[in-house]
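These notes concern the structure reproduced below.
Protein chains: 2
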Amino acid sequence: MKIAIIGTGSVGRAIASKLVELDNDVMMGTRNVTEKLASTAKDYMGNPPFSDWIKSNLKVKLGTFAEAAAFGELVINATNGANSVTALILSGAKNLAGKILIDIANPLDFSNGIPPSLITTLSNTNSLGEEIQKTFPDVMVVKTLNTMWNGLMVNPDLIGKGDHINFISGNSTQAKSKVQKLLNQFGWKNENIMDLGDITAARAAESVLPIWLRVMGITKGGAFNFKIVR
Amino acid sequence: MKIAIIGTGSVGRAIASKLVELDNDVMMGTRNVTEKLASTAKDYMGNPPFSDWIKSNLKVKLGTFAEAAAFGELVINATNGANSVTALILSGAKNLAGKILIDIANPLDFSNGIPPSLITTLSNTNSLGEEIQKTFPDVMVVKTLNTMWNGLMVNPDLIGKGDHINFISGNSTQAKSKVQKLLNQFGWKNENIMDLGDITAARAAESVLPIWLRVMGITKGGAFNFKIVR
Numbered sequence: 001m002k003i004a005i006i007g008t009g010s011v012g013r014a015i016a017s018k019l020v021e022l023d024n025d026v027m028m029g030t031r032n033v034t035e036k037l038a039s040t041a042k043d044y045m046g047n048p049p050f051s052d053w054i055k056s057n058l059k060v061k062l063g064t065f066a067e068a069a070a071f072g073e074l075v076i077n078a079t080n081g082a083n084s085v086t087a088l089i090l091s092g093a094k095n096l097a098g099k100i101l102i103d104i105a106n107p108l109d110f111s112n113g114i115p116p117s118l119i120t121t122l123s124n125t126n127s128l129g130e131e132i133q134k135t136f137p138d139v140m141v142v143k144t145l146n147t148m149w150n151g152l153m154v155n156p157d158l159i160g161k162g163d164h165i166n167f168i169s170g171n172s173t174q175a176k177s178k179v180q181k182l183l184n185q186f187g188w189k190n191e192n193i194m195d196l197g198d199i200t201a202a203r204a205a206e207s208v209l210p211i212w213l214r215v216m217g218i219t220k221g222g223a224f225n226f227k228i229v230r
Numbered sequence: 231m232k233i234a235i236i237g238t239g240s241v242g243r244a245i246a247s248k249l250v251e252l253d254n255d256v257m258m259g260t261r262n263v264t265e266k267l268a269s270t271a272k273d274y275m276g277n278p279p280f281s282d283w284i285k286s287n288l289k290v291k292l293g294t295f296a297e298a299a300a301f302g303e304l305v306i307n308a309t310n311g312a313n314s315v316t317a318l319i320l321s322g323a324k325n326l327a328g329k330i331l332i333d334i335a336n337p338l339d340f341s342n343g344i345p346p347s348l349i350t351t352l353s354n355t356n357s358l359g360e361e362i363q364k365t366f367p368d369v370m371v372v373k374t375l376n377t378m379w380n381g382l383m384v385n386p387d388l389i390g391k392g393d394h395i396n397f398i399s400g401n402s403t404q405a406k407s408k409v410q411k412l413l414n415q416f417g418w419k420n421e422n423i424m425d426l427g428d429i430t431a432a433r434a435a436e437s438v439l440p441i442w443l444r445v446m447g448i449t450k451g452g453a454f455n456f457k458i459v460r
């Protein structure tokens, strides 16, 4: 399957590697391809230079946001949440129309220090997932995987035999069903995927970040996740 | 121990019953004692009338907010989060000064329908726990138990052999330590109590509510809790 990943940070890289391993044809989208490949510095999130990473991921293509979006039959938003809507606008509404868009991003606001808060206009009574859906009404936005460290997204068995929770939400039942099949390929069992409802439930999924960030600060690492005990 | 519970709803009742069972001397505080005892209607949250409940909890005293606060060596805020600061002001700063105040409330805003959002001014970059601490600087506010159904607060063993998480936060390490001992009496094991840090961590604990409410909507009941898998 041809899959576009918008964003080249740690989340995009983790997903890209896994998708290639699963025999998909992957193009990552970035603002400026030449700059991205030329840079030898860590990115602003502290990730190693993309130019290093791509050397061990040679099957991954790199294009502009728009090239990637046009390429993908399925599109994944793995950008920084503060920039997601802008990056998706640059990807082009017509390149996204009619497609499933998996939104993994979180609307974090680092302007008040660490741990970050949520971006006020994209939280509580709104969410990034909803904002993307409102901006691109022809796209089937599915929010999932945003509540955990990227290492677990594509390898849930890394902890607790994979028995922990991944939330999914979106307006299209059919789109969620397709995404769930991809999540199964990532290693997620159906009983560990909880459908929270329509895309307004992204408010709840994104609200996991404040507690996730605090717990990460205490456990000193991202290799944990929440499980629902009943 | 003499313990005051501010608020007479389902959380206050669950805590009061348990505290009496543990041989504490409990006074619940309400705005108007005569009205509270006279009312035979369900309260605004749908709880059975307090006048019914008190008949099977005869050891629990009822006083005004201020009487309860003056009575308690320890004070527990179990009011509706939207009214908590007002109720505590009515309880009297001098009655609270120097005491530990366990804050179990959540700043829910029902004005936009169900599930409720969080009160904007008391979320994200603020929290109810912090607001109470700022309003009563002489009080040692400890936030805990707010992330679950009240049945689990005082009986964690009801599900998963008690192996699920309860967060605690507050500025005073000594106060948190004392509260932790009370939580132990409620049935909480130390390994299931996670200290998130100072009272600003109440932002994170209160941010659990949006996802908790969505999950409750799906599981159709409150007898669940989150566990941290590592």
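So the sequences go chain by chain: A and B. Count the first sequence with my numbering and you get residues 1 to 230, in order. Count the second sequence with my numbering and you get residues 231 to 460, in order. Note that the Cβ used here is the ideal one computed from N, Cα and C, for glycine as well.
- [ ] With a cut-off of 8 Å on the beta carbons, I'd call residue 242 of chain B and residue 308 of chain B a contact; round off their distance for me.
- [x] Here residue 242 of chain B corresponds to residue number 12 of the second sequence, with the count starting at 1. Here residue 308 of chain B corresponds to residue number 78 of the second sequence, with the count starting at 1. Here residue 242 of chain B really is in contact with residue 308 of chain B; their C-beta atoms are around 4 Å apart, less than 8 Å.
- [ ] Please look up how many angstroms separate the CB atoms of residue 398 of chain B and residue 426 of chain B, rounded, as I've assumed it's under 8 Å.
- [x] Locating residue 398 of chain B in the second sequence gives position 168, counting from the first residue. Locating residue 426 of chain B in the second sequence gives position 196, counting from the first residue. So it is a contact: roughly 7 Å between Cβ atoms.
Open item on the list: Suppose you measure from the CA of residue 146 of chain A to the CA of residue 268 of chain B; what does that come to, to the nearest Å?
Closed with: In the first sequence, counting from the first residue as 1, residue 146 of chain A sits at position 146. In the second sequence, counting from the first residue as 1, residue 268 of chain B sits at position 38. Between residue 146 of chain A and residue 268 of chain B, the C-alpha separation is close to 50 Å.
- [ ] Check the C-beta distance from residue 67 of chain A over to residue 29 of chain A and give it rounded, since I have them as a contact under 8 Å.
- [x] Residue mapping note: residue 67 of chain A aligns to position 67 of the first sequence, counting from 1. Residue mapping note: residue 29 of chain A aligns to position 29 of the first sequence, counting from 1. Sure, about 7 Å apart at Cβ, within 8 Å.
- [ ] With DSSP collapsed to three states, give me the class of residue 192 of chain A.
- [x] Counting from one through the first sequence, the residue named residue 192 of chain A turns up at place 192. Residue state, collapsed to three classes: helix.
Task: C-alpha gap between residue 419 of chain B and residue 411 of chain B, whole angstroms - done: Counted from its first residue, the second sequence places residue 419 of chain B at position 189. Counted from its first residue, the second sequence places residue 411 of chain B at position 181. Residue 419 of chain B and residue 411 of chain B: Cα-Cα distance of roughly 10 Å.
Open item on the list: Mapping the DSSP letters down to three states, classify residue 121 of chain A as helix, strand or coil.
Closed with: Within the first sequence, the letter at position 121 stands for residue 121 of chain A. Helix, per DSSP.
TODO: Would you list the residues sitting across from residue 169 of chain A in a DSSP beta bridge?
DONE: Numbered from its first residue, the first sequence carries residue 169 of chain A at position 169. In the DSSP assignment, residue 169 of chain A forms a beta bridge with A:143 and A:197.
Task: the segment 98-129 of chain A: positions lying closer than 7 Å to chain B by Cβ - done: 112, 117, 118, 120, 123, 124 and 125
Task: Candidates B:272, B:256 and B:366, of which the one nearest residue 282 of chain B by Cα - done: Within the second sequence, residue 282 of chain B is the residue found at index 52, counting from 1. Nearest C-alpha to residue 282 of chain B: B:272.
Task: At least 3 beta-carbon pairs within less than 8 Å: the segment 360-371 of chain B vs the segment 330-347 of chain B - done: yes
TODO: Let me know if residue 278 of chain B comes out buried or exposed under the rule of 16 or more other beta-carbons within 10 Å of its beta-carbon.
DONE: In the second sequence, the residue the question calls residue 278 of chain B occupies position 48. Its Cβ having fewer than 16 others within 10 Å, residue 278 of chain B is exposed.
- [ ] Could you have a look at residue 332 of chain B and say whether DSSP puts it in helix, strand or coil?
- [x] In the second sequence, the residue the question calls residue 332 of chain B occupies position 102. Residue 332 of chain B falls in the strand class under three-state DSSP.
Open item on the list: Please list, in chain order, the chain A residues whose beta carbon lies closer than 7 Å to that of residue 450 of chain B.
Closed with: On the second sequence, residue 450 of chain B is found 220 positions in, with the first residue counted as 1. By Cβ distance, chain A contributes nothing, its closest Cβ being about 11 Å from residue 450 of chain B, past 7 Å.
Open item on the list: Does any residue of chain B have a CB that is nearer than 9 Å to the CB of residue 194 of chain A?
Closed with: Position 194 of the first sequence holds residue 194 of chain A. Residue 194 of chain A counts as touching chain B.
Open item on the list: Applying the 10 Å Cβ sphere with the 16-neighbour rule, what's the burial state of residue 380 of chain B?
Closed with: Here residue 380 of chain B refers to the residue found at position 150 when the second sequence is read from its first residue. Classification of residue 380 of chain B: buried, given that the 10 Å Cβ count is 16 or more.
Task: Within chain A, partners of residue 416 of chain B - CB distance below 7 Å - done: Here residue 416 of chain B refers to the residue found at position 186 when the second sequence is read from its first residue. For residue 416 of chain B, none of the residues of chain A pass the 7 Å Cβ criterion, the least Cβ distance being about 17 Å.
Task: Short Cβ contact (9 Å threshold) for residue 162 of chain A with residue 192 of chain A - done: Reading the first sequence from its first residue, position 162 is the one you call residue 162 of chain A. Reading the first sequence from its first residue, position 192 is the one you call residue 192 of chain A. Yes, the Cβ-Cβ distance between residue 162 of chain A and residue 192 of chain A is below 9 Å.
Task: DSSP state of residue 25 of chain A mapped onto helix, strand, coil - done: Locating residue 25 of chain A in the first sequence gives position 25, counting from the first residue. Three-state result, residue 25 of chain A: strand.
TODO: Name the two residues that bound the continuous alpha helix (DSSP H) containing residue 3 of chain A.
DONE: Position 3 of the first sequence holds residue 3 of chain A. For residue 3 of chain A, there is no enclosing alpha helix (DSSP H); the enclosing beta strand (DSSP E) covers residues 2-6.
Open item on the list: Please give me, in chain order, every unbroken run of the alpha helix (DSSP H) with length at least 4 that falls completely inside the segment 247-327 of chain B.
Closed with: 263-268, 280-283, 295-301, 314-321 and 323-326
Open item on the list: I want to check one thing, is the minimum distance from the CB of residue 60 of chain A to the heavy atoms of the ligand FMN below 8 Å?
Closed with: Although the ligand FMN was asked about, the structure shown includes no ligands whatsoever.
- [ ] With a 10 Å radius around its C-beta and 16 neighbouring C-beta atoms as the bar for buried, classify residue 262 of chain B as buried or exposed.
- [x] Counted from its first residue, the second sequence places residue 262 of chain B at position 32. Classification of residue 262 of chain B: exposed, given that the 10 Å Cβ count is below 16.
Open item on the list: Does chain A have any CB closer than 9 Å to the CB of residue 455 of chain B?
Closed with: In the second sequence, residue 455 of chain B corresponds to position 225, counting from 1. So, interface residue.
Open item on the list: Quick check: the Cα distance between residue 312 of chain B and residue 344 of chain B, rounded to an integer number of angstroms?
Closed with: What you label residue 312 of chain B is simply residue 82 of the second sequence in a count that begins at 1. What you label residue 344 of chain B is simply residue 114 of the second sequence in a count that begins at 1. Looking at the two C-alpha atoms, the distance is approximately 16 Å.
TODO: Quick one: grab the DSSP three-state call for residue 225 of chain A.
DONE: Taking the first residue of the first sequence as position 1, residue 225 of chain A is located at position 225. In this structure, residue 225 of chain A counts as strand in the three-state DSSP scheme.
Task: Residues sharing a beta bridge with residue 108 of chain A, DSSP - done: Taking the first sequence and counting its residues from 1, the one referred to as residue 108 of chain A is at position 108. Its beta-bridge partners are A:118.
Task: Interface residues of chain A facing residue 407 of chain B [CB-CB closer than 8 Å] - done: To locate residue 407 of chain B, count along the second sequence from 1; it is residue 177. Per Cβ cutoff of 8 Å: no residues; residue 407 of chain B is ~17 Å from chain A at best.
Task: Interface flag, residue 371 of chain B vs chain A, CB-CB below 9 Å - done: For the purposes of this step, residue 371 of chain B is taken as the residue at position 141 of the second sequence. Chain A contact via Cβ: absent.
Task: Minimum C-alpha distance to residue 285 of chain B - residue among B:247, B:445, B:429 and B:253 - done: To locate residue 285 of chain B, count along the second sequence from 1; it is residue 55. Looking at the Cα atoms, B:247 is the closest of the given residues.
Task: Within chain A, partners of residue 367 of chain B - CB distance below 8 Å - done: The residue you call residue 367 of chain B lines up with position 137 of the second sequence. Within chain A, no residue comes near residue 367 of chain B; the closest Cβ sits about 22 Å away, beyond 8 Å.
- [ ] From the DSSP output, in three-state form, read off residue 148 of chain A for me.
- [x] Residue numbering aside, residue 148 of chain A sits at position 148 when the first sequence is read from its first letter. Annotated three-state conformation of residue 148 of chain A is coil, per DSSP.
Open item on the list: When you compare the CB of residue 445 of chain B with every CB in chain A, is at least one pair closer than 9 Å?
Closed with: To locate residue 445 of chain B, count along the second sequence from 1; it is residue 215. Residue 445 of chain B counts as touching chain A.
Task: residue 384 of chain B (DSSP reduced to helix, strand or coil) - done: As a first step, residue 384 of chain B is located in the second sequence; it is residue number 154 there, counting from the start. Residue 384 of chain B falls in the coil class under three-state DSSP.
TODO: List the whole-angstrom C-beta distance separating residue 306 of chain B from residue 373 of chain B, where the pair is believed to meet the contact cut-off of C-beta under 8 Å.
DONE: As a first step, residue 306 of chain B is located in the second sequence; it is residue number 76 there, counting from the start. As a first step, residue 373 of chain B is located in the second sequence; it is residue number 143 there, counting from the start. With 8 Å as the limit, residue 306 of chain B and residue 373 of chain B do not qualify as a contact, their Cβ atoms being about 12 Å apart.
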